[in-house]
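First the structure, in the form of structure tokens, and then the observations on it.
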Amino acid sequence: MSQHQVCVLAYVPSEACVLEANFSDIRAGSKLPIELNIYGNREDAESIGRALSKAGTYLQFPRCGLAGVEYYNPHFLRMEGYPGQESIESLVLLPPKVVEAGGQASDQEPQVDNADAVDEILGSLSYHNLRDGIQVDSRIKSALFPYQKEAIDFILKRETGDLPSELSLWKYNSIDADEPFYQHVFSGAKRPNQEEAEGGILADDMGLGKSLVILSTIAGSLDRAKAFAGSKQRSAATLIVVSSTLLIDNWVEQIQMHTHPGGLSCHRHTGTQRHKDVHLLFQKSIVFTTYATLAADASRGSLSKVHWFRIVLDEAHDIRNRRTNQFKAVTALSAKHRWCLTGTPIQNSMEDLGALVSFLRIPVLEHAPTFHKFITSPATSSSRDRFKNLRTLLETICLRRTREILPLKPPVTYIQEVLLTDSERQEYNNLIQEGKTQLDMITSGYSKRKVSSVVLQSILKLRLFCNNGRSIDNQQFDVTGLPPDPDEALTYLQQHDRNICAICSVTIYSIDSSDKTDGGRFIFSCCHLFCRTCMPQYSKRKSPCPACQQDGEPEFPGVRPMQDGQASTGASGHTGGGRSIDKYPSKLLRLLDDICQHNTEKSIVFSCWKKTLFLISNLLSHHSIRHGIIHGSRTLAERTKALKEFQSKTGPSILLMTLGTGAVGLNLAVASRIYLLEPQWNPSIEEQAIGRALRLGQESQVVVVRYITAKTVEQADVIFRQRRKLQLAGGGFGKGKNAASEALVESLLHVFDDNRASS
Numbered sequence: 001m002s003q004h005q006v007c008v009l010a011y012v013p014s015e016a017c018v019l020e021a022n023f024s025d026i027r028a029g030s031k032l033p034i035e036l037n038i039y040g041n042r043e044d045a046e047s048i049g050r051a052l053s054k055a056g057t058y059l060q061f062p063r064c065g066l067a068g069v070e071y072y073n074p075h076f077l078r079m080e081g082y083p084g085q086e087s088i089e090s091l092v093l094l095p096p097k098v099v100e101a102g103g104q105a106s107d108q109e110p111q112v113d114n115a116d117a118v119d120e121i122l123g124s125l126s127y128h129n130l131r132d133g134i135q136v137d138s139r140i141k142s143a144l145f146p147y148q149k150e151a152i153d154f155i156l157k158r159e160t161g162d163l164p165s166e167l168s169l170w171k172y173n174s175i176d177a178d179e180p181f182y183q184h185v186f187s188g189a190k191r192p193n194q195e196e197a198e199g200g201i202l203a204d205d206m207g208l209g210k211s212l213v214i215l216s217t218i219a220g221s222l223d224r225a226k227a228f229a230g231s232k233q234r235s236a237a238t239l240i241v242v243s244s245t246l247l248i249d250n251w252v253e254q255i256q257m258h259t260h261p262g263g264l265s266c267h268r269h270t271g272t273q274r275h276k277d278v279h280l281l282f283q284k285s286i287v288f289t290t291y292a293t294l295a296a297d298a299s300r301g302s303l304s305k306v307h308w309f310r311i312v313l314d315e316a317h318d319i320r321n322r323r324t325n326q327f328k329a330v331t332a333l334s335a336k337h338r339w340c341l342t343g344t345p346i347q348n349s350m351e352d353l354g355a356l357v358s359f360l361r362i363p364v365l366e367h368a369p370t371f372h373k374f375i376t377s378p379a380t381s382s383s384r385d386r387f388k389n390l391r392t393l394l395e396t397i398c399l400r401r402t403r404e405i406l407p408l409k410p411p412v413t414y415i416q417e418v419l420l421t422d423s424e425r426q427e428y429n430n431l432i433q434e435g436k437t438q439l440d441m442i443t444s445g446y447s448k449r450k451v452s453s454v455v456l457q458s459i460l461k462l463r464l465f466c467n468n469g470r471s472i473d474n475q476q477f478d479v480t481g482l483p484p485d486p487d488e489a490l491t492y493l494q495q496h497d498r499n500i501c502a503i504c505s506v507t508i509y510s511i512d513s514s515d516k517t518d519g520g521r522f523i524f525s526c527c528h529l530f531c532r533t534c535m536p537q538y539s540k541r542k543s544p545c546p547a548c549q550q551d552g553e554p555e556f557p558g559v560r561p562m563q564d565g566q567a568s569t570g571a572s573g574h575t576g577g578g579r580s581i582d583k584y585p586s587k588l589l590r591l592l593d594d595i596c597q598h599n600t601e602k603s604i605v606f607s608c609w610k611k612t613l614f615l616i617s618n619l620l621s622h623h624s625i626r627h628g629i630i631h632g633s634r635t636l637a638e639r640t641k642a643l644k645e646f647q648s649k650t651g652p653s654i655l656l657m658t659l660g661t662g663a664v665g666l667n668l669a670v671a672s673r674i675y676l677l678e679p680q681w682n683p684s685i686e687e688q689a690i691g692r693a694l695r696l697g698q699e700s701q702v703v704v705v706r707y708i709t710a711k712t713v714e715q716a717d718v719i720f721r722q723r724r725k726l727q728l729a730g731g732g733f734g735k736g737k738n739a740a741s742e743a744l745v746e747s748l749l750h751v752f753d754d755n756r757a758s759s
């Protein structure tokens, strides 16, 4: 190519650079993927392409580039009438991310992932080609809804290979060759037979009864499973992998609820006893284990030595990060059929789906480079049909239905407007004045603090005041700029839209002190976050924080988490337990009135903050109202006990829960009233909370009560206006942090004047 003048620019994916720098053994070296963009004259493209072809190198879609540059690929196949190939005209490429000092990628590119478009695709994946007269196995005693039978039919078609053309990525071709062949719709690869993965993704909304579908599938395929298990290392069992042992209890309860006694046998492969019960892996219909157990045992454990009839991943998005030991351990397992259960197959990026495709071993696409070439690259380009391949893939391997399909009445929602007393209003205005004073000091040059930090700290104090009243603890921010209370610190990070894992960038909704639960943990020294999936990876390496390079342990600095019944110190100097009834905040007194008026109904009270729950607990105890409590500081055993008691007919009628804590997989259909004590920064958190009760098995009308303190920052037209601006600035799956922060601060600055004016 010496006769051609070209420019070659190299790019290294920022996430790969950060992770390798922090999680690889320097002495052993590491490999980083590198992407080369070739720039030159359009008339030289064909000869450059031929030269590269001779060297065995072929051009693919670029992920980044220079804005305004026309894109042309001489290696792009243009076959008339072939659905998997089409021309690309003038793709506008995007500038690259730059990895700044400290290991974080700056946001110099507009976001190209269109979350709305992906949501639309996911919402269109219902399946209506139901086999006539599908029979549910006699071992199942529960009646199935038509949409559940449809899911079973979808599973059977994929497992048995009896696929209609719309469920295959291979198209029959009898025209272009002497002998007919099957051609892959993306790569064009030719095979004499279809190479199909005998599994897929069941992505139904929570509450639609995915567990019953899986149990019915297992019961109906026991004969096939026994025929499969002919050799010594083959097991007829279905291995179900869950995120915590608490969810194994849920699955066992589902077996007892939906099957006749002895219909399906099961075994728990967890704890120290698991190494002594290897023979049970071949004797039971179902084997349960956890992602953590698989990661800990890896190739040494007995699970990896078995060729399973079927593997089912519950909450399968837990393996979205290919670099974690969980992903590696799960994908290394041997099985005939593989299934992913997840309501969110795409959380942060297309590569989340790529990890699931690798586990499912979808031919051609199971390898990360080819998935990136045919799915991620087109989807993150500017092509008009950039989501075509993604849609085709999901329509083939994924089934998704939303909660609207349930035969349930929609929830009834009430807004309870709370009025502050005169003394509360004065204290609220004092907090506003404190924030205005700090802002004035910044604008006058007397303070070097950031405007965004002051604004968001002040907003958090106002939000806490609406729930807890004037509390000394509410005013404290430590040297990191965060409140020392983990729940409040997480709320502060949510306001920044930075409540994400420092490794995989998944959103974290709760902070848990137990490794066996589903919340995140803080890194001690810098207060960045880890999700439960990435936490073992970090703890094992003892590496610096990937986000800022500081050393530390995944704990939280400052005060110790409060214990049940311990509340923040009130203005009178007494703890919440010693308050007289008129010293409790107005909002909590309104909640008490509502609970007393509906004391025969099972109710869940949700709040972001443990301090609020402890105040409510003291208030309920003062009135001899039985209640349970679940939050991030409680152990798994304590949570299980509280849930079982609440679900019992003779148990307490009130359950207090922090939002997000223990939420994964929980079925709280016994509750008919949901109390949301404060508006959430992220509205989806409220939807998840409501979904705990609005699910299959709910027999009552669900009532949702939202509390809003009038003429405060809580008013919906304030909170949700900020959230909408944040979403507009951030866009897509990514986080446009700089633009988002600017829009956020600009909007929130008005809160101080607006609220004082309305007092």
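Residue 1 is where the sequence shown starts when you use the UniProt record's numbering, and the numbers rise one by one after that. Backbone N, C-alpha and C define an ideal beta-carbon position, used for all residues, glycine too. The structure presented is a predicted model; accordingly, all values stated were derived computationally and were not measured.
Could you tell me the boundaries of the beta strand (DSSP E) in which residue i lies?
| i | result |
| --- | --- |
| I311 | H307 to D314 |
| M657 | I654 to T658 |
| F288 | I286 to T290 |
| F181 | F181 to H184 |
| R234 | R234 to V242 |
| I34 | First-last for I34: undefined, no H or E at that position. |
| R170 | For clarity, residue 170 is Trp in the given sequence; the question names Arg instead. Unbroken beta strand (DSSP E) run through W170: W170 to N173. |
| Q416 | V412 to V418 |
Considering residue i, what are the terminal residues of the alpha helix (DSSP H) in which it resides?
| i | result |
| --- | --- |
| A225 | L222 to F228 |
| H598 | Premise fails: H598 is in no alpha helix (DSSP H) and is neither H nor E. |
| E159 | P146 to T160 |
| A368 | A368 to F371 |
| L353 | M350 to L360 |
| Q336 | First, the amino acid is wrong: residue 336 is Lys here, not Gln. Run containing K336: none in the alpha helix (DSSP H); it sits in the beta strand (DSSP E), S334 to L341. |
| L439 | D422 to T443 |
| E645 | L636 to Q647 |
| V454 | V451 to N468 |
| G49 | A45 to K54 |
Are the CB atoms of residue j and residue i within a distance shorter than 9 Å?
| i | j | result |
| --- | --- | --- |
| G49 | H4 | no |
| V605 | Y675 | yes |
| A669 | R639 | no |
| L313 | V330 | yes |
| L393 | L420 | no |
| L529 | S607 | no |
| R139 | A237 | no |
| A587 | T709 | Checking the displayed sequence, the identity of residue 587 turns out to be Lys instead of Ala. Cβ atoms of K587 and T709: closer than 9 Å. |
| P585 | N467 | yes |
| R310 | K284 | no |
Just to confirm my understanding: we take residue i, look at its own chain, exclude 5 residues before and 5 after, and list those with CB closer than 8 Å. What are they?
| i | result |
| --- | --- |
| R590 | Q416, V418 and Y707 |
| V278 | S302 |
Quick one: residues in its chain with C-beta nearer than 6 Å to the C-beta of residue i, no 5 flanking neighbours on either side, listed in chain order?
| i | result |
| --- | --- |
| D352 | R320 and I346 |
| L36 | V8 and A10 |
| V306 | S235 and L281 |
| L303 | none |
| L489 | Here residue 489 is Ala; the residue named in the question, Leu, does not match the sequence. Excluding sequence neighbours, A489 sits near L482 and P483. |
| H367 | none |
Evaluate residue i with the Cβ neighbour count: other Cβ atoms within 10 Å of its Cβ, from every protein chain shown; 16 or more gives buried, anything less gives exposed.
| i | result |
| --- | --- |
| G271 | exposed |
| R626 | exposed |
| P483 | buried |
| V213 | buried |
| H623 | exposed |
| I26 | Its pLDDT being 45, under 50, I26 is placed unreliably in this model, and the value from its coordinates should be taken loosely. That one is exposed. |
| E714 | buried |
| T443 | exposed |
| A229 | buried |
| Q680 | buried |
| P83 | Per-residue confidence for P83 stands at a pLDDT of 36, beneath the threshold of 50, marking its modelled position as unreliable; the derived number appears in the next sentence. The residue is exposed, with fewer than 16 neighbouring Cβ atoms inside 10 Å. |
With a threshold of 9 Å between beta carbons, is residue i in contact with chain C?
| i | result |
| --- | --- |
| N618 | Chain labels in this structure do not include chain C; a single protein chain is all it has. |
Excluding five sequence neighbours on each side, which residues of the same chain lie with their C-beta closer than 7 Å to the C-beta of residue i?
| i | result |
| --- | --- |
| Y147 | R401 and I405 |
_Cβ contact (3+ pairs, closer than 8 Å) linking the segment 197-211 and the segment 391-401_ = yes
*Pair every Cβ in the segment 258-267 with every Cβ in the segment 295-312, then say whether three or more of these pairs are closer than 8 Å.*
no
*asked:* Measuring CB atoms only, is the segment 143-163 touching the segment 184-200, in the sense that at least three cross pairs come out at less than 8 Å?
replied: yes
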